[in-house]
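K.L.:
Mind looking over this structure? Questions follow.
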Amino acid sequence: MLKTKTLIINLLICLLLFIAACTNNKINNSQKLVDITFITQDEKSDSISPAGIEELQIKSSGSTIYGFEYIANGRKLHPTVIFLHGLPGNERNLDLAQNLRRAGYNVVFFNYRGSWGSEGTYSFENSIEDVDAVISYITDSVYTERFKVDKSRIALVGHSMGAGIALINGINNKKVKAIAGISVFNPFTLFQGKKAEGNLIGLKEYISTLGMLKTDPNIFLRNMLSKLNDYNIENLVSKSQKPILIIDEQKNNIYFDRYVEKPNFAYKIWDTDLAFTNRRIALSVELKTWLDTNLK
C-alpha cells in the first residue's frame, strides 16, 4: 500500500514538473517572437539611400501646413504611417515614430491647419480634410524617389482627438489601408447623453486657453456639432473591413466590445494615462506587431 502511494506521489510530481516545463517553454517561445531590436539597436545605414528626414510644406485648401517625414533606411518604397496628434498636440509620439522608422516604416507627422504655426483655421472638419491633402502630396508620383512612399501601404495612427480623425478619415479613405487609434476621442458619444453639456463646457474652456491654436471655441464646437452624425465612429467601425486597432486608457468607448469578434478589429484597454506615459515601449511593440501583420 505504501509503495502504491509513493508511486502515485512520484507520478504526480513528474506530471507537475512536465506541465511547468511546457509552460515555461511556451513563455520562452512567446518571448522569442517579440523582437525589440528596432527599439534597442541602431541600424546600419544604407550606403546609397540612408534613413533621413524631409521637411514638408503642403497646401490644404489654400493654406500651408507644416510637417516632416522620417524616411526609412533603404532604396525600396516603404510602408508609410501618418501620425495624427491630438488637441492641441503636446504629445506628438515621436518616440514611436523613430522606433517605427527603424523597423522599416516611413513616418509622416504634420500640424493641422491653424495649429502650431500652420496657416488657416483650426477645426475638427479642417483637420480631417488636412489628412487628405497630406496623403495626396506624399503619394504624388513627382515625389516617389524623394519620399519613397508605397502608395498601397499607408496607415493612420492617431492619438486622442487625432485618433478620432484617423478613424473618420481612414475608414472612408480608399488610399488608407489600416488605422490605429490611441485613446480614441469620439465626438458622437461625447456630446450626447447626460454628460454632453458638461463635456461641451469643459472643451470650450480648454480650447480658450490654447494660444497655439488659431480658432474660436464657439465656432469650433458649432462646426463639430453640425456634423455629429458624420462623426459616429462606432457606426463607421461596425461597417469597416479595414484592419483597425484601438488601445484606450479609459472605458469611455466600451461599446467597441461589441465588435471584438470581427477578424479585422482589435480593442484593448491598458492601465495607463492619456499620454500612455508608462507604456511607451509596450506601445511601440504593439504598434509594430500590428503594422507588420496588416501593412507589410
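Numbering (my numbering), first residue to last: 153 to 448. From the three backbone atoms N, C-alpha and C, an ideal C-beta is built for every residue, glycine too.
Please name the residue in ASN370, ASN387, LEU435 whose C-alpha comes closest to that of ARG410.
P.N.:
Comparing alpha-carbon positions, the option among ASN370, ASN387, LEU435 lying closest to ARG410 turns out to be ASN387.
K.L.:
Which class does ALA418 belong to by DSSP, given the choice of helix, strand or coil?
P.N.:
strand
K.L.:
Three-state secondary structure (DSSP) at ALA173?
P.N.:
At ALA173, the pLDDT of 46 sits below 50, so the modelled position is not reliable; the number obtained from the coordinates is stated separately. In this structure, ALA173 counts as helix in the three-state DSSP scheme.
K.L.:
Closer than 8 Å is the cut-off here; do at least three beta carbon pairs connect the stretch 390-398 with the stretch 313-332?
P.N.:
yes
K.L.:
Taking the alpha carbon of ASP247 as the point to measure from, which residue in ASN446, LEU447, PHE428 has its own alpha carbon closest?
P.N.:
PHE428
K.L.:
So what's ASN251 in DSSP terms, helix, strand or just coil?
P.N.:
Here ASN251 carries a helix assignment [DSSP, helix/strand/coil].
K.L.:
Determine the burial state of ARG265: buried for a count of at least 16 other Cβ atoms within 10 Å of its Cβ, exposed for fewer.
P.N.:
Under this definition ARG265 is a buried residue.
K.L.:
Please tell me whether LEU239 and ILE359 are closer than 9 Å, where the distance is taken between their beta carbons.
P.N.:
Yes.
K.L.:
Does THR216 come out as helix, strand or coil in the three-state DSSP assignment?
P.N.:
strand
K.L.:
For GLY310, decide whether its Cβ has a neighbour in chain C, counting only Cβ atoms nearer than 9 Å.
P.N.:
Considering every chain present, this structure includes no chain C. It has just one protein chain.
K.L.:
Looking at the secondary structure, which residues open and close the beta strand (DSSP E) in which GLY310 lies?
P.N.:
DSSP places GLY310 inside the beta strand (DSSP E), whose first and last residues are 301-311.
K.L.:
So, for LEU443: in the same chain, excluding its five sequence neighbours on each side, which residues have a beta-carbon less than 6 Å away from its beta-carbon?
P.N.:
none
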